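Asks:
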Amino acid sequence: MKVYITSAAPLAGEATKAMASPPSPPPHQHQQAATRRGCRSAVVTGLLAGVLLFRAALLTIEAGASLCPSTTGCLDWRAGLGDWLYGGSGDAMEEFMKEWRRGRREASLLDPVVVEAAPDSLDGLMAEMDTMLASYDRLDMEAVVLKIMAMLLKMDRKVKSSRIRALFNRHLASLGIPKSMHCLTLRLAEEFSVNSAARSPVPLPEHAPRLADASYLHVAIVTDNVLAAAVAVASAVRSSAEPARLVFHVVTDKKSYVPMHSWFALHPVSPAVVEVKGLHQFDWRDGGAIASVMRTIEEVQRSSMEYHQCDASVVREYRRLEASKPSTFSLLNYLKIHLPEFFPELGRVILLDDDVVVRKDLTGLWEQHLGENIIGAVGGHNPGEDGVVCIEKTLGDHLNFTDPEVSNVLESARCAWSWGVNVVNLDAWRRTNVTDTYQLWLEKAISSLILLNMDAVFLVTNRESGFRLWKMGSLPPALIAFDGRVQAVEPRWHLRGLGWHTPDGEQLQRSAVLHFSGPRKPWLEVAFPELRELWLGHLNRSDSFLQGCGVVE
Numbered sequence: 025m026k027v028y029i030t031s032a033a034p035l036a037g038e039a040t041k042a043m044a045s046p047p048s049p050p051p052h053q054h055q056q057a058a059t060r061r062g063c064r065s066a067v068v069t070g071l072l073a074g075v076l077l078f079r080a081a082l083l084t085i086e087a088g089a090s091l092c093p094s095t096t097g098c099l100d101w102r103a104g105l106g107d108w109l110y111g112g113s114g115d116a117m118e119e120f121m122k123e124w125r126r127g128r129r130e131a132s133l134l135d136p137v138v139v140e141a142a143p144d145s146l147d148g149l150m151a152e153m154d155t156m157l158a159s160y161d162r163l164d165m166e167a168v169v170l171k172i173m174a175m176l177l178k179m180d181r182k183v184k185s186s187r188i189r190a191l192f193n194r195h196l197a198s199l200g201i202p203k204s205m206h207c208l209t210l211r212l213a214e215e216f217s218v219n220s221a222a223r224s225p226v227p228l229p230e231h232a233p234r235l236a237d238a239s240y241l242h243v244a245i246v247t248d249n250v251l252a253a254a255v256a257v258a259s260a261v262r263s264s265a266e267p268a269r270l271v272f273h274v275v276t277d278k279k280s281y282v283p284m285h286s287w288f289a290l291h292p293v294s295p296a297v298v299e300v301k302g303l304h305q306f307d308w309r310d311g312g313a314i315a316s317v318m319r320t321i322e323e324v325q326r327s328s329m330e331y332h333q334c335d336a337s338v339v340r341e342y343r344r345l346e347a348s349k350p351s352t353f354s355l356l357n358y359l360k361i362h363l364p365e366f367f368p369e370l371g372r373v374i375l376l377d378d379d380v381v382v383r384k385d386l387t388g389l390w391e392q393h394l395g396e397n398i399i400g401a402v403g404g405h406n407p408g409e410d411g412v413v414c415i416e417k418t419l420g421d422h423l424n425f426t427d428p429e430v431s432n433v434l435e436s437a438r439c440a441w442s443w444g445v446n447v448v449n450l451d452a453w454r455r456t457n458v459t460d461t462y463q464l465w466l467e468k469a470i471s472s473l474i475l476l477n478m479d480a481v482f483l484v485t486n487r488e489s490g491f492r493l494w495k496m497g498s499l500p501p502a503l504i505a506f507d508g509r510v511q512a513v514e515p516r517w518h519l520r521g522l523g524w525h526t527p528d529g530e531q532l533q534r535s536a537v538l539h540f541s542g543p544r545k546p547w548l549e550v551a552f553p554e555l556r557e558l559w560l561g562h563l564n565r566s567d568s569f570l571q572g573c574g575v576v577e
């Protein structure tokens, strides 16, 4: 049934009088015309009262967001708001709500052309409805509802498109290296060539014996990011109760060695000691160590090549973006598995990622009892033990448990630990085959085709063996290789995810190490401003290198 709302019509006698009147109508006819226009305006305003919030939604679209998770999710309470505004009484209102509910069911069947032709704003909708009233002196409820539904669908498409663009732009922003960091690297490399102080030994010869002294607290950082390493080291020294006891081992690649060496030679952290060593400088004790490291390097390189080989254009484009993430195929990330070879004279080491800020003394972490376990990490426990629940992810979030080879050796509900802040028993590690196990599982993943979409991760069958494993990264094979050899430590030692969200103030104060895991790294413009300032607080704002390159103002 079609429902119409018509404006008030003039009386017959008044119409006859109006036809016989001169061109200039008397005042009472002006008043009647104004009354009719007021009636039309009241009808339009009343019908549109239930969609006043469309304006707010459209404004948020322009900012790249939406007040509602989806259009259909907000229809019910908008309709309820209409009931409240109209009082829920009157035949016209009942028919309008009936048409609204029916139009909601039919919205998905609307012609795309109709959706595209829908008004872009509340002002446009009001203008169209006012034109309908002026032309036909009545309003078709079914047409009004379908027009509003088309406008909602068009708005929802804009929201989705805006979100996709925002995610894509944020992804690109998280991949870039700021010009200031490029500048800093070049300036330090130049200083190394012209300034003898920048080439001075790191550490100084008199401090070299500390590098293998078990009485000191040894911290390893594997990175090619000079600025990040500087903050991690400076924050650890500042937070330490005994900074003279700290010995930092910074492992980097050949291309980053010169600027890294130059920075720590010109910026000593006395009384602590820093060693900077490039991969090309390690003096391996035996050929077996060299062969093991080269095996990992080859597997990572093969993984990178295989990952890009796919016929589907959509998968290929997503792979191109995914592989561009620094963490996906960063060789240094995978070489953490060779800590025993890197430090043959050490029995224990704290392993930090470069994107951390240390806020508490690390002595408590260093003294954690590991027993025969190899790694101490937050999350290294089973849910249900002493009422414990997983803080963040489980093994099922990292590995594909639909494959029996994974599900037969692990439980998907178990809590997953992560790199970032770990204490490592190197002596216990050397007594196991963890490194070989890691490399074995890395080989199994080489030919895995991984298809990802925006909501989930789908692992496509391996071309050769039919094996399915994980989303590419250095952590998943480590979760398998270290299974049963991880000791849980208190959550306060590792607050991760600061590149994804901002934690509350209590968490920040309680946590010993803040980990900026996620795309919003603190050295990027997309970082959360308050967290970025916290990170920048560990840099000397008067430093000529930092000021000259615009790292600090």
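Under our numbering, read the sequence shown as residues 25 to 577, first letter to last. All residues carry an ideal CB built from backbone N, CA and C; glycine is no exception. On a predicted model such as this, the values are computed, not experimentally measured, just so you know.
1. The beta strand (DSSP E) with isoleucine 245 in it runs from where to where?
2. Assuming glycine 400 and glutamate 416 make a contact with CB atoms under 8 Å, what is their CB distance in whole Å?
3. From glutamate 230 to glutamate 557, what does the alpha carbon distance come to, in whole angstroms?
4. Can you tell me whether valine 550 is helix, strand or coil according to DSSP?
5. Looking at lysine 360: is its Cβ nearer than 9 Å to the Cβ of serine 498?
6. Please give me, in chain order, every unbroken run of the alpha helix (DSSP H) with length at least 4 that falls completely inside the segment 266 to 295.
7. When you compare only the Cα positions, how much space is there between alanine 190 and aspartate 144?
8. With distances taken Cα to Cα, identify the nearest neighbour of methionine 173 among Ser185, Thr155 and Leu146.
9. Going by beta carbon distance, what residues of the same chain come within less than 8 Å of arginine 372, once the five residues before and after it are set aside?
10. Check whether the Cβ atoms of threonine 526 and phenylalanine 552 sit closer than 9 Å, and answer yes or no.
11. Identify whether histidine 231 lies in helix, strand or coil by the three-state DSSP scheme.
12. State the DSSP-derived secondary structure class of histidine 539, mapped to helix, strand or coil.
13. Where does asparagine 357 sit, in a helix, a strand or coil, going by DSSP?
14. Start and end of the alpha helix (DSSP H) containing isoleucine 504?
15. Report the rounded CA-to-CA distance for leucine 555 versus leucine 522, giving the unit in angstroms.
16. Is the beta carbon of threonine 459 less than 9 Å from the beta carbon of histidine 362?
17. Could you spell out where the alpha helix (DSSP H) holding arginine 438 opens and where it closes?
18. Please classify leucine 228 as buried or exposed, where buried requires at least 16 other C-beta atoms within 10 Å of its C-beta.
19. Cα-Cα, which of Arg455, Val317, Lys545 and Leu519 is closest to glutamine 463?
20. Given a threshold of 16 other Cβ atoms within 10 Å of its Cβ, counted over all protein chains shown, does aspartate 519 qualify as buried or as exposed?
21. Could you give the distance in angstroms between the alpha-carbon of leucine 270 and the alpha-carbon of cysteine 439?
22. Can you check whether the CB of valine 380 is closer than 9 Å to the CB of valine 445?
23. Which residues in the same chain as serine 259 place their Cβ atom closer than 6 Å to its Cβ, once the five residues preceding and following it in sequence are excluded?
Replies: Let me lay it out:
1. 241 to 246
2. With a Cβ gap of about 17 Å, glycine 400 and glutamate 416 do not count as contacting.
3. 36 Å
4. coil
5. yes
6. 278 to 290
7. 21 Å
8. Leu146
9. Ala238, His242, Trp390, Val447, Val448, Asn449, Leu450 and Asp451
10. yes
11. helix
12. strand
13. helix
14. 499 to 505
15. 8 Å
16. yes
17. Neither: arginine 438 is in no alpha helix (DSSP H) and is coded neither H nor E.
18. exposed
19. Val317
20. Note that residue 519 is leucine in the sequence shown, not aspartate. Its Cβ being crowded by 16 or more others within 10 Å, leucine 519 is buried.
21. 31 Å
22. yes
23. Val381, Val382 and His562
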